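Counting in my numbering, the sequence shown runs from 25 upward without gaps.
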Amino acid sequence: MTDVEGPGFDDELVALARISERAAEAIIGEREVVVASHVDADGLTSAGIISAALDRAGVERKTLFFRQLDSPALEEIADLGSDLVIFTDLGSGMQSEIVCIGLSAVVADHHRPHGTGIDLHINPHLVSLDGATDLSGSGATFLLARAIAKVKGHAGGNDDLAGLAIVGAVGDLQDMASGKLVGLNRRILAIGVEAGVLSFGRDLKLFGKQTRAVFKMLEFSSDPYIPGLSGDEDACITFLKEQGIRLKGERWRRWIDMNGEEKGKIASGLVRRGLRAGLSNAQLERLVGEVYNLLTEQEGTELRDASEYSTLLNATARYGHSGVGLSVCLGDRGRALEEARLLLN
Numbered sequence: 025m026t027d028v029e030g031p032g033f034d035d036e037l038v039a040l041a042r043i044s045e046r047a048a049e050a051i052i053g054e055r056e057v058v059v060a061s062h063v064d065a066d067g068l069t070s071a072g073i074i075s076a077a078l079d080r081a082g083v084e085r086k087t088l089f090f091r092q093l094d095s096p097a098l099e100e101i102a103d104l105g106s107d108l109v110i111f112t113d114l115g116s117g118m119q120s121e122i123v124c125i126g127l128s129a130v131v132a133d134h135h136r137p138h139g140t141g142i143d144l145h146i147n148p149h150l151v152s153l154d155g156a157t158d159l160s161g162s163g164a165t166f167l168l169a170r171a172i173a174k175v176k177g178h179a180g181g182n183d184d185l186a187g188l189a190i191v192g193a194v195g196d197l198q199d200m201a202s203g204k205l206v207g208l209n210r211r212i213l214a215i216g217v218e219a220g221v222l223s224f225g226r227d228l229k230l231f232g233k234q235t236r237a238v239f240k241m242l243e244f245s246s247d248p249y250i251p252g253l254s255g256d257e258d259a260c261i262t263f264l265k266e267q268g269i270r271l272k273g274e275r276w277r278r279w280i281d282m283n284g285e286e287k288g289k290i291a292s293g294l295v296r297r298g299l300r301a302g303l304s305n306a307q308l309e310r311l312v313g314e315v316y317n318l319l320t321e322q323e324g325t326e327l328r329d330a331s332e333y334s335t336l337l338n339a340t341a342r343y344g345h346s347g348v349g350l351s352v353c354l355g356d357r358g359r360a361l362e363e364a365r366l367l368l369n
């Protein structure tokens, strides 16, 4: 599917784009900046987006990650002596403290703002949008990256980074409430589709569609937990055989190896089983929904599916290897990706 229906939010997008362009002007006037970002999938993709934009603009950077932006963190940042700090996926709640410590800052965040003092502040709440559903931290950072390209005379030059913004939004669970991305997240999705880096459609939402044998995908399903299948390999194999599914060709077949008819049989069978087990409508709705594919990533890898990509990044954050996650976001498909996979598994 390539048609993103009725995205809207023109006024809000224009307002945030204006702020982003003012921030971009400040950024490209610097030789070197510090990037401070949050340690989760949204924060890692935010750091990846702004790092790529800075590299393309010829601005050197030093990147730091924090689980929480507090006074010690701000002191660590201030000790670097940078003329400009770019906060991504954090900073909105510490505006007064950032100003008080003497930092010149750009903030691209989605958390509810507290305090005042930062003029170069890109945040959905400032245009009456919801930072939990309408725009993620990576989305706000993507708007900044687009503005950097525009100010440098390369309008659209960073639109390929929309894929990372969608990974961040999905990692932040911004699609959970509606079963799909909404608000400005959807505008970013449209930009990514237009740039040829994203596609989307309705599909099973279980983890492992790209990488796991179908019976393993079902066995390890935990959200939602499927009574009688989750945690039981034999039961999953029996269930698939009951649906008439061939499990193996030259290798165990993954979800992406199934044809449309086979996928329909499995999905219908899962819904029937869920109904018999008494799963709520909300739980059943988590089985099937809108999913997002990164078209520049190799099919059959964790990076092809936005949800799996975000889970991989969260694993690097969880085990204190945010640098590995950032390297993956910046395109390292060798050592960094292998290390991230080890952390995931």
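Using N, Cα and C, we set each Cβ at its ideal position, and we do this for glycine too.
Predicted model, so just to flag it, every value in this text is computed and none were measured.
In this structure, DSSP gives ASP356 a state outside helix and strand, which the three-state scheme calls coil.
Rounded to the nearest whole angstrom, the C-alpha separation of VAL312 and GLY180 is 33 Å. Between the C-alpha atoms of ALA330 and ASP107 there is a straight-line separation of about 35 Å.
Here VAL123 carries a helix assignment [DSSP, helix/strand/coil]. C-alpha of MET282 to C-alpha of SER162: approximately 32 Å in a straight line.
Collapsing the DSSP output to three states places THR165 in a helix. Distance check between ARG310 and each of GLU266, GLY298, GLY216, VAL238 places GLY298 closest, using alpha-carbon atoms only. In this structure, the beta-carbon distance from VAL130 to ALA39 does not fall below 9 Å.
If the five residues before and after LEU144 are omitted, its C-beta is found closer than 8 Å to the C-beta atoms of ILE43, ARG46, ALA47, ALA50, ALA129, VAL130, VAL131, all from its own chain and listed in chain order. The Cβ atoms of PHE263 and GLY293 lie closer than 9 Å to each other. PHE224: not part of any alpha helix (DSSP H); member of the beta strand (DSSP E) spanning 222 to 228, first to last residue. Separation of LEU213 and ARG170 (C-alpha to C-alpha, rounded to the nearest whole angstrom) is 14 Å. Around the CB of ARG270, fewer than 16 other CB atoms lie within 10 Å, so the residue is classed as exposed. Here LEU337 really is in contact with THR69; their C-beta atoms are around 7 Å apart, less than 8 Å. Taking a contact to require three or more Cβ pairs closer than 8 Å, the segment 244 to 257 and the segment 342 to 351 do not qualify as touching.
Here DSSP, grouped into helix, strand and coil, assigns ILE110 to strand.
Here the C-alpha atom of ALA306 lies approximately 26 Å from the C-alpha atom of ASP64.
Within the same chain, and ignoring the five residues on either side of PHE166 in sequence, the residues whose Cβ sits closer than 7 Å to its Cβ are ILE73, LEU185, ALA186, ALA189, ILE212. Under the DSSP definition of a beta bridge, LYS86 partners with VAL58. In terms of CA proximity to ALA301, GLY252 leads the group GLY252, ASP199, VAL175, GLU285.
Excluding five sequence positions before and after GLY115, the CB atoms of its chain that fall closer than 6 Å to its own CB belong to VAL131, ASP133, given in chain order. A check of alpha carbon separations from GLY155 across ASP66, LEU222, LEU98, ARG85 identifies ASP66 as the nearest.
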